[in-house]
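Colleague:
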Amino acid sequence: MPSRSATEIAETADLDFFLSLYDLFSLRHNDMAPYFETAKSFANVPITEDGVETEAFLLASTDFVNMFDLLGIGVFSFVQTDLRNNLGGVRNRYEATSSESTTLEKFIRHDAQGGDRYGTACLVRLLRGLLFACDALRNMQNDKSCELHVCFKRSYDANLRHHHTFIVRSVVSVAIRAVPHRRDFYNRITQGGSHEKFDDELTKWLAGLDAIVSHMKVFLEEGHYGRI
1 MPSRSATEIA ETADLDFFLS LYDLFSLRHN DMAPYFETAK SFANVPITED
51 GVETEAFLLA STDFVNMFDL LGIGVFSFVQ TDLRNNLGGV RNRYEATSSE
101 STTLEKFIRH DAQGGDRYGT ACLVRLLRGL LFACDALRNM QNDKSCELHV
151 CFKRSYDANL RHHHTFIVRS VVSVAIRAVP HRRDFYNRIT QGGSHEKFDD
201 ELTKWLAGLD AIVSHMKVFL EEGHYGRI
C-alpha cells in the first residue's frame, strides 16, 4: 500500500480538526437552553416600597422584545420597532441620571424636573406597547382555538387603536395579518423545547408584566404624569 504524502496527511488532519469543531459546536448548540428559559422575566422584577426597579425592568423589557426575533425578520417589526425606540429613549435618559432613577417612580419624578419629560413620554409609550403585547399573548393562552392575528387584533383595538391616526391603523391592520400561525409561533419561540413549559413561563412573565403596568398606571395618573 503506497504511503500518503505529507500534503494528504495534512489535509486529513485539517478535516479531522474541523469535524471535531463541528461536533463540539453541535453538542453545545443542542445543549443550549431555549431563549425563554434564560431571558430576564418580568416576574423577577422587584417592586419595593420605592417602586419598580428600573434596571431590572429595562433588562426584562429588552429580553421580552428580543424574544420576537426568533419569529423571523419583519414578522413582528411593527411591535418591535415601537418598543425598541421607546425602550432606547428610557434607557438613554436613565443612564444619564441612574443614581436619581433607581425606580421607575424616581425616574419619572426626576424627569419632570427637566421640563421636557421626554423620558416619561417614552416610558408611557413603552408601557402601552408592552400592555398590547401582554394582552395579545394572554388572549392566545386563554383561547386555544384562536389564531394569533385575531389575538393581536383584539389587543390592538383595546389598547392602541385610539392612540393612532387612521393611516397608522391601516398599516397596523395589514401588519397584524402577517403574524404566524399559533403552531409556528410556538415552534419558533420554544426552539425545540417544551410548549407546556413555555406556556408556564409565559404565564409568569405576563403576570409580572401586568402587575408592573397596573402599578405604574396608578402612579402615572395620580401624579398627572401621563396615561397608559
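The opening position of the sequence shown corresponds to residue 1 in UniProt numbering, with each subsequent residue numbered one higher. All C-beta atoms, glycine included, are put in the ideal place defined by N, C-alpha and C.
(1) For Ile167, report the span of its alpha helix (DSSP H) as first-last.
(2) Would you call Ile212 buried or exposed, if buried means 16 or more other Cβ atoms sit within 10 Å of its Cβ?
(3) Are residue 305 and Trp205 closer than 8 Å when you measure CB to CB?
(4) Tell whether a beta-carbon distance below 8 Å holds between Thr102 and Glu147.
(5) If you reduce the DSSP assignment to three classes, tell me which class Val45 lands in.
(6) As a quick exercise: from Asn86, His224, His195, pick the residue whose alpha carbon is nearest that of Pro34.
(7) Assess contact between the stretch 81 to 99 and the stretch 143 to 157, defined as three or more Cβ pairs (one per stretch) separated by less than 8 Å. Is contact present?
(8) Beta carbon of Phe64, beta carbon of Glu201: below 8 Å?
(9) Should the stretch 150 to 161 be regarded as contacting the stretch 171 to 180, the criterion being three or more beta carbon pairs within less than 8 Å?
(10) Once DSSP output is grouped into helix, strand and coil, what is the label at Thr81?
(11) Using CA coordinates, which residue listed in Asp184, Leu104, Asp82, Lys106 is at the minimum distance from Phe132?
(12) How many angstroms separate the CA atom of Val79 from the CA atom of Leu123?
(13) Note down the Cα distance separating Thr128 from Arg169, rounded to an integer number of angstroms.
(14) In angstroms, rounded to a whole number, what distance separates the CA positions of Asn139 and His110?
(15) Which word fits Asn44, buried or exposed, when buried means at least 16 other C-beta atoms lie within 10 angstroms of its C-beta?
(16) Whose C-beta lies closer than 8 Å to the C-beta of Gly192 among residues of the same chain, with five residues either side of it excluded?
Modeller: So, from the listed chains and residues:
(1) Indexing the sequence shown from 1 puts residue 167 at position 167. Note, Ile167: alpha helix (DSSP H), 166 to 176.
(2) Your numbering for residue 212 matches position 212 in the sequence shown. Ile212 comes out buried.
(3) The displayed coordinates of the chain run from 1 to 228. Any statement about residue 305 would go beyond what the structure contains.
(4) The count along the sequence shown starts at 1 and reaches residue 102 at position 102. The count along the sequence shown starts at 1 and reaches residue 147 at position 147. No.
(5) Counting from 1 along the sequence shown, the entry for residue 45 is found at position 45. Correct three-state label for Val45: coil.
(6) In the sequence shown, residue 34 corresponds to position 34, counting from 1. Selection Asn86, His224, His195 evaluated against Pro34 yields His195 as nearest (Cα-Cα).
(7) no
(8) Mapped onto the sequence shown, residue 64 falls at position 64. Mapped onto the sequence shown, residue 201 falls at position 201. For Phe64 and Glu201, no; Cβs fall outside 8 Å.
(9) yes
(10) Within the sequence shown, the letter at position 81 stands for residue 81. Three-state result, Thr81: helix.
(11) Stepping through the sequence shown from its first residue, residue 132 is reached at position 132. Ranking the options by Cα distance to Phe132, first place goes to Asp82.
(12) Position 79 of the sequence shown, counted from the first residue, corresponds to residue 79. Position 123 of the sequence shown, counted from the first residue, corresponds to residue 123. Computed Cα separation, rounded: 15 Å.
(13) Numbered from 1 along the sequence shown, position 128 holds the residue referred to as residue 128. Numbered from 1 along the sequence shown, position 169 holds the residue referred to as residue 169. The sequence given here places Arg at residue 128; Thr does not occur at that position. Straight-line Cα distance between these residues: approximately 16 Å.
(14) Along the sequence shown, read from residue 1 onward, the residue named residue 139 stands at position 139. Along the sequence shown, read from residue 1 onward, the residue named residue 110 stands at position 110. Going by the C-alpha atoms only, they are around 36 Å apart.
(15) Within the sequence shown, numbered from 1, the residue matching residue 44 stands at position 44. It is exposed - the Cβ of Asn44 has fewer than 16 other Cβ atoms within 10 Å.
(16) Here residue 192 refers to the residue found at position 192 when the sequence shown is read from its first residue. Cβ within range, chain order: Pro34.
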